[in-house]
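First up is the structure itself, then whatever we jot down about it.
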Amino acid sequence: MAKYIIKRFFMMIATILIIATLTFALMHSIPGSPFDEERTSNPTIQANLEKFYKLDEPMHIQYLYYLKSIVTFDFGPSIKKPNESVNELLARGFPISFELGMVTILVALLSGVTLGTFAALRHNGIIDYLAMTFAVVGISVPNFVLATLLIQQIAVNLEWLPPATWSSPLHMILPTLALATGPTAIIARLTRSSMLEVLTQDYIKMARAKGLSPVRIVVRHALRNALMPVVTIMGTMLAGILTGTFVIERIFAIPGMGKYFVESINNRDYPVIMGSTVFYSAFLVFMLFLVDIVYGFLDPRIKLHRKEGDA
Amino acid sequence: MTNPTKIVSPDSVKDEWFRPKEKEQGRAESVVRPSLSYWKDAWRRLRKNKLAMVGLAFLIFLLFMAIFGPILSPYSVTGTDYPNQNKAPSLAHWFGTDEAGRDVFTRTWYGARISLFVGVMAALIDFFIGIIYGGVSGYKGGKTDAIMMRIIEVLYGLPHLLVVILLMVVMGPSLTTIIVALTVTGWVGMARIVRGQVLQIKNYEFVTASKSFGAKTSRIIRKNLLPNTMGPIIVQMTLTVPGAIFAEAFLSFLGLGVSAPFASWGVMTNDALPVILSGHWWRLFFPAFFISLTMFAFNVLGDGLQDALDPKLRG
Chain Z
487 MAKYIIKRFF
497 MMIATILIIA
507 TLTFALMHSI
517 PGSPFDEERT
527 SNPTIQANLE
537 KFYKLDEPMH
547 IQYLYYLKSI
557 VTFDFGPSIK
567 KPNESVNELL
577 ARGFPISFEL
587 GMVTILVALL
597 SGVTLGTFAA
607 LRHNGIIDYL
617 AMTFAVVGIS
627 VPNFVLATLL
637 IQQIAVNLEW
647 LPPATWSSPL
657 HMILPTLALA
667 TGPTAIIARL
677 TRSSMLEVLT
687 QDYIKMARAK
697 GLSPVRIVVR
707 HALRNALMPV
717 VTIMGTMLAG
727 ILTGTFVIER
737 IFAIPGMGKY
747 FVESINNRDY
757 PVIMGSTVFY
767 SAFLVFMLFL
777 VDIVYGFLDP
787 RIKLHRKEGD
797 A
Chain G
14 MTNPTKIVSP
24 DSVKDEWFRP
34 KEKEQGRAES
44 VVRPSLSYWK
54 DAWRRLRKNK
64 LAMVGLAFLI
74 FLLFMAIFGP
84 ILSPYSVTGT
94 DYPNQNKAPS
104 LAHWFGTDEA
114 GRDVFTRTWY
124 GARISLFVGV
134 MAALIDFFIG
144 IIYGGVSGYK
154 GGKTDAIMMR
164 IIEVLYGLPH
174 LLVVILLMVV
184 MGPSLTTIIV
194 ALTVTGWVGM
204 ARIVRGQVLQ
214 IKNYEFVTAS
224 KSFGAKTSRI
234 IRKNLLPNTM
244 GPIIVQMTLT
254 VPGAIFAEAF
264 LSFLGLGVSA
274 PFASWGVMTN
284 DALPVILSGH
294 WWRLFFPAFF
304 ISLTMFAFNV
314 LGDGLQDALD
324 PKLRG
């Protein structure tokens with residue numbers, strides 16, 4: 487197990503390094519300096535600004551400074567809002583995005599697994615049919631379309647729930663719903679198909695023959711194996727949800743990472759773009775790493791602590 | 014041994030006991046069912062899947078409207094008509110007009126053009142890169158495969174949409190940029206599938222047989238491996254398209270894709286956002302409806318193909 491974790495850890499570092507380098511190269515391949523639009527006619531000011539942001543150094547030195555800023559987790563000041571640092575923006579925006587993302591994944595997991603399990607238990611029954619209809623629709627409707635529809639119908643026409651911001655649990659319902667529907671649908675479908683497969687296995691027949699209660703059979707015996715495919719896609723799904731928060735935050739005017747990220751892109755605020763991209767990707771890659779390790783613990787067939795050929 | 018069989022002496026065996034069986038002219042060797050190739054058989058099974066056929070029919074309709082819709086309509090995509098702004102659907106404007114008096118009907122089909130173009134181009138480029146990379150990796154095996162797969166694993170960890178957004182910022186919003194950005198990260202999934210398939214099939218007997226007859230590597234790849242990997246590849250392509258359509262709409266929605274006055278479903282949804290409070294439902298409804306229906310159609314068609322092309326389910 488330790489060997490596997492170490493291997494995965496180094497791969498994670500490699501991925502983060504690649505995205506950091508890619509971000510750096512892309513940002514510096516844009517011609518001109520970020521101060522060009524400012525029309526600071528005074529060359530001394532320009533030079534001082536460039537010196538302050540270390541833009542006067544040669545490229546490889548800038549790259550080293552940049553790597554250092556990642557390791558020390560200090561992304562420096564923003565260019566467009568000089569009195570704010572990238573770290574402050576991240577500290578303000580990230581917790582909100584994180585909260586939205588975590589609530590969403592929790593809702594999606596719980597409802598998706600429940601839906602998929604019941605659909606499998608009532609195979610070809612009315613619940614199965616309804617659940618799968620929901621799943622196909624849920625996969626087809628893009629989250630930003632769903633969000634807009636929800637605001638129009640539930641918040642504006644019916645006035646049941648507030649249409650925007652993130653200030654109370656009541657405000658959280660619509661954004662979460664909009665973001666969680668797609669993942670719920672995917673999880674429900676996956677759970678159903680793997681559950682159907684698992685339920686035909688001999689050990690389930692054995693459990694039935696032993697006279698275990700149906701609930702116990704499903705919860706203790708079937709679910710653990712049926713959930714493996716769900717755990718496999720968890721990593722990429724998390725990435726999808728956390729980037730999906732960008733557009734949801736925009737629609738619901740939630741002041742999370744997405745707001746600052748899109749803003750910084752529109753303003754060409756390079757330190758913010760670079761800082762938030764690297765931070766966000768590092769976070770996502772780390773989540774992927776965690777999911778892989780959880781997978782290793784859960785799947786009895788993967789013997790992580792043994793070398794190949796040992797078994 | 015208490016075998017009750019009567020023993021017949023060789024002398025009593027008569028010749029007339031033995032006569033040739035009447036020939037059933039050709040019957041025995043004729044094939045009762047018409048021989049079906051893999052593709053014909055797949056098509057036969059796909060046809061039975063009603064949902065997939067509905068999806069296919071809708072996509073054909075969409076393709077037709079994407080090509081001819083903007084031509085058939087008397088209005089242009091970008092033509093403004095300020096006296097007629099925000100008009101509800103009517104005989105003159107079937108889907109209504111937007112805040113600049115542009116015809117939503119025309120813009121919807123123009124959006125279909127963009128979505129289909131982005132989706133199909135992304136799927137095709139993924140297909141070519143994926144087949145070459147995955148094919149080489151799976152066929153060569155050994156060290157080459159190990160190195161190529163490490164690269165894939167690292168790339169697979171990249172958050173795709175972030176990379177796409179980053180590329181859009183640097184290259185500037187345009188349709189080409191969207192396609193390039195989507196394929197830079199998108200081919201990885203296809204390469205993994207091709208590699209898995211090749212790895213499995215290259216050890217089958219018919220490949221060994223082909224080799225023993227002295228077939229060249231290129232011939233084995235073209236004649237033995239590729240045709241047998243096509244099923245999962247086609248399914249993957251069908252499922253790539255809705256992903257790409259979603260990504261284009263997502264980016265356009267964020268203001269990073271196709272920009273006004275040109276229309277894409279993402280742009281139209283985004284434009285509809287400020288006016289939904291004023292009850293201009295058609296502004297949101299038509300792009301939302303068609304983007305969802307298109308994703309639905311590709312998804313059910315992909316699912317149907319997956320079942321139809323699965324050799325294990327061949328009946």
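Residue numbers (the numbering used here), protein chains in the order written: chain Z, 487 to 797; chain G, 14 to 328. Beta carbons are placed, not taken as given, at the ideal position from N, Cα and C, and that holds for glycine. What you are looking at is a predicted structure, and each value in this text was computed from that prediction instead of being measured.
Cβ pair residue i, residue j closer than 8 Å
i: Thr509(Z); j: Ala285(G); result: no
i: Ile165(G); j: Val201(G); result: yes
i: Arg678(Z); j: Gly602(Z); result: yes
i: Ala768(Z); j: Ile502(Z); result: yes
i: Ala125(G); j: Met66(G); result: no
i: Gly587(Z); j: Thr731(Z); result: yes
i: Pro757(Z); j: Ser564(Z); result: yes
i: Glu261(G); j: Ile191(G); result: yes
i: Ile214(G); j: Gln249(G); result: no
i: Gly742(Z); j: Val572(Z); result: no
i: Leu175(G); j: Thr729(Z); result: yes
i: Arg208(G); j: Gly151(G); result: yes
i: Leu636(Z); j: Leu592(Z); result: no
i: Ile759(Z); j: Ile751(Z); result: yes
i: Ile734(Z); j: Pro669(Z); result: no
i: Thr251(G); j: Phe303(G); result: no
i: Ala194(G); j: Val167(G); result: no
Residue i - containing alpha helix (DSSP H), residue span
i: Pro300(G); result: Trp294 to Leu322
i: Phe488(Z); result: In the sequence on display, residue 488(Z) carries Ala and not Phe. Residues Ala488 to His514.
i: Glu29(G); result: It is not in any alpha helix (DSSP H) - Glu29(G) carries neither H nor E in the DSSP assignment.
i: Asp778(Z); result: Tyr756 to Leu784
i: Glu683(Z); result: Pro655 to Leu685
i: Arg60(G); result: Tyr51 to Lys61
i: Lys745(Z); result: Met743 to Asn753
i: Thr558(Z); result: First-last for Thr558(Z): undefined, no H or E at that position.
i: Arg710(Z); result: Leu709 to Ala712
i: Val280(G); result: Trp278 to Ala285
Coil, strand or helix - residue i by DSSP
i: Pro648(Z); result: coil
i: Leu790(Z); result: Note on Leu790(Z): pLDDT 46, under 50, position unreliable in the model; no value is reported.
i: Pro186(G); result: coil
i: Ser571(Z); result: strand
i: Pro83(G); result: helix
i: Leu607(Z); result: helix
i: Thr157(G); result: helix
i: Tyr549(Z); result: helix
i: Phe71(G); result: helix
i: Pro240(G); result: helix
i: Ile165(G); result: helix
i: Ala615(Z); result: Before going further, note that residue 615(Z) is Tyr rather than Ala in the sequence given. Reduced to three states, the DSSP call for Tyr615(Z) is helix.
i: Lys696(Z); result: coil
i: Asp688(Z); result: helix
i: Asn216(G); result: coil
i: Ser22(G); result: coil
i: Asn629(Z); result: helix
i: Ser231(G); result: helix
i: Ser128(G); result: helix
i: Ala135(G); result: helix
i: Lys100(G); result: coil
i: Ser223(G); result: helix
i: Ser89(G); result: coil
i: Glu543(Z); result: coil
i: Ala257(G); result: helix
i: Gly199(G); result: helix
Whole-number beta carbon distance between residue j and residue i, since they are thought to touch under 8 Å
i: Gly68(G); j: Asp139(G); result: That belief does not hold up - the Cβ atoms of Gly68(G) and Asp139(G) are roughly 21 Å apart, past 8 Å.
i: Pro102(G); j: Trp295(G); result: 5 Å
i: Thr121(G); j: Tyr88(G); result: Not really, about 12 Å apart at Cβ, beyond 8 Å.
i: Asn682(Z); j: His609(Z); result: In the sequence as displayed, the identity of residue 682(Z) is Leu instead of Asn. The Cβ separation is near 6 Å, so the contact holds.
i: Ile779(Z); j: Val716(Z); result: The Cβ separation is near 16 Å, so there is no contact.
In DSSP terms, what residue i is bridged to
i: Thr110(G); result: Asp116(G)
i: Pro563(Z); result: Ser571(Z)
Check: residue i C-beta below 7 Å from any heavy atom of the ligand NAD
i: Lys537(Z); result: Because no ligand of any kind appears in the structure shown, any question about the ligand NAD cannot be addressed here.
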